[in-house]
Every structure is written in C-alpha cells, then in structure tokens.
Amino acid sequence: MELNKIMQSNLLDIVFENRNKSYGAYELRTQYNRRLSSALIATGVAAILLVVGTAFASNSKSHQTAGTVIIDDVNLVKPKEEVKTIEPEQPLKQPDPVKVKIDQFTPPKIVANEEVKPEDVMKDNSDLNNANIGKINQDGIASDKVNPPKVDEGTAVVDAPVANNETVFVDVQIQATFPGGADAWKRYLEKNLDPQLPSEKGAPEGRYTVIVEFVVDKEGNVSDVKALTNLGYGMEEEAMRVIKQTVSKGIKWTPAEQNGMKVKAFRKQPITFVVSEE
374 MELNKIMQSN LLDIVFENRN KSYGAYELRT QYNRRLSSAL IATGVAAILL
424 VVGTAFASNS KSHQTAGTVI IDDVNLVKPK EEVKTIEPEQ PLKQPDPVKV
474 KIDQFTPPKI VANEEVKPED VMKDNSDLNN ANIGKINQDG IASDKVNPPK
524 VDEGTAVVDA PVANNETVFV DVQIQATFPG GADAWKRYLE KNLDPQLPSE
574 KGAPEGRYTV IVEFVVDKEG NVSDVKALTN LGYGMEEEAM RVIKQTVSKG
624 IKWTPAEQNG MKVKAFRKQP ITFVVSEE
C-alpha cells in the first residue's frame, strides 16, 4: 500500500492487503460491530419478553387459584337419647294366710259342772286330730300338719357391670386437646394445609367444608383417621394427610376425660377451603 494511503486506510485494509478478501474473514471483521449490536438488541428483547410473560403468567395464575383455609372449631352435638321411664317394681302381693282351724286347749281343772263355761269345755282327742291347738277357738280348714315357717325372701346381690376399657366415647366431659391448646392446633393446620390444592384440581369458586373424624386413645395417640364428607378435589385427602402427619411426627395429645378418668374418644375437625378469584 502506498505510504500516503496508510494514514487514511482502515486497519483491516492494511491487514488484508494483498490477501483474498472474498474468503469470508474480511467480511466478518468488517461487519462485527453491526452483528454485535444486532445480537445485543435481540437478547434484550428476549429478556424483556421473558420477564413480561412470567409476570403475566404469575398474575393470571394467582387470579385463578387464590385460596385460603379456615379452621372451624368443632362442636360435637350429643345425640338425643331416648328417655325411658322405669316404673318401680311392684312388690309381690303375698297371698292371704290360710285360716286353719284352731281348738282352744283347756288345761284340766276340777270344778263344779255349773261353773264350767261352754268355751272352756275340754275337747275330745278325736276333735284335736284335725286342728291346731291354741289359746282360742277358730273356725277354718282342718289341718294335721304344722304351719311351715315363713320364708325370708331376701334381696339378691347383683354384680355391677364391668366397664369396657376399649369403649370409644362420642361425647365426653373434657375433649382431647392438641399440645398447646386450640390455638396451637389451629396454627398447625393452617401451616401444613395447602390452600391452593382445590384450585389446582379444578374446584370452582366457593367455600368447601370437609369434616375429618379421628380417635385419640388414653395415651394420646391418634388413629382411625377418616373423612365424613366427600366433596372431592383432593380436599379430604389433604385434611387427612395433615392430621395423620401428627402420628409420624410423634405428637402426643392430651386424652379426653370422663368422670375424672382418661378415656378413648372420637374427635371431629371441620376444615373450610375457600376458592376465590382475585
């Protein structure tokens, strides 16, 4: 290259002097800035679209799947018991005593005939054979036997029924409680339940109250967890999962009490899932 053109020429022209510029390397180098600018612009646009799309999708999802969980206090209603009136047992009516013929016994005494009263006349032995001997005369049936002694019909002793230790009480004086009380139980459920589950499974907008029943034994162990409702959308399964989780975590309840004794008892827990659109 001529000396007077070096100061006016591009560095690439100096490098590729007397070389094949149509090979491709020369063009790549001369178009480098334009290609770099295009790549940066495309990357920026893609990043903007990704951020906007993510925000839109997140907003749309939250609009469709907003949900909350409400823990209701359980109120066990004691079933109405049939009142049976027990009439007092009527005492057995004793039959009237049989009137037995009695002849008065008159001790022998020697007196004048005119002084003897008719009732004091001694009976003949043949008359006494069919009558009891007493201090008075009494008409009645003839008897040649001694009166039987009175039978004392005492009260029989009945053993008290033995209580079944495996009885599961429905209604108790003091219900079983979660460690820390009702507030701690409510916090546990709210923390572990998934309020978005019904929405994710397609539940329409509304309130859904499921009821789960379980047993707390005398040692505070939870067992026999089952759902009493069947609303679907995975709500019963979710409620049972969280309650059964207390077993795997080794959580011990305070047992229910009846008449001052720890007993095995049922407990019911309503849980309300709220599906709403925001």
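The sequence shown begins at 374 in this note's numbering and counts up one residue at a time.
The beta-carbon is built from N, C-alpha and C at its ideal position, and this holds for glycine as well.
The alpha helix (DSSP H) enclosing residue i, as first and last residue numbers
i           : result
residue 581 : Here residue 581 belongs to no alpha helix (DSSP H); instead the beta strand (DSSP E) covers 579-589.
residue 576 : Segment: none, residue 576 is in no alpha helix (DSSP H) and carries neither H nor E.
residue 465 : It is not in any alpha helix (DSSP H) - residue 465 carries neither H nor E in the DSSP assignment.
residue 555 : 555-565
residue 615 : 608-621
Extent of the continuous beta strand (DSSP E) run through residue i
i           : result
residue 596 : 595-600
residue 643 : 634-648
residue 629 : 629-631
Residues of its chain near residue i, where Cβ-Cβ distance is below 7 angstroms and the 5 sequence neighbours each way are ignored
i           : result
residue 541 : 588, 637, 638, 639
residue 647 : 440, 441, 443, 580
residue 617 : 598
CB of residue i within 8 angstroms of CB of residue j, strictly
i           : j           : result
residue 609 : residue 600 : yes
residue 549 : residue 585 : no
residue 645 : residue 602 : no
residue 578 : residue 649 : yes
residue 620 : residue 595 : yes
residue 643 : residue 590 : no
Other residues of its chain near residue i: CB distance less than 6 angstroms, five sequence neighbours each side excluded
i           : result
residue 625 : 593
residue 543 : 639
residue 606 : 571, 574, 576
residue 416 : none
Buried or exposed by the 16-neighbour rule on C-beta atoms within 10 Å, applied to residue i
i           : result
residue 423 : exposed
residue 421 : exposed
residue 566 : buried
residue 556 : exposed
residue 551 : buried
Same chain, Cβ closer than 8 angstroms to residue i, five either side skipped, listed in chain order
i           : result
residue 630 : 545, 546, 547, 636
residue 568 : 440, 441, 442, 646, 647
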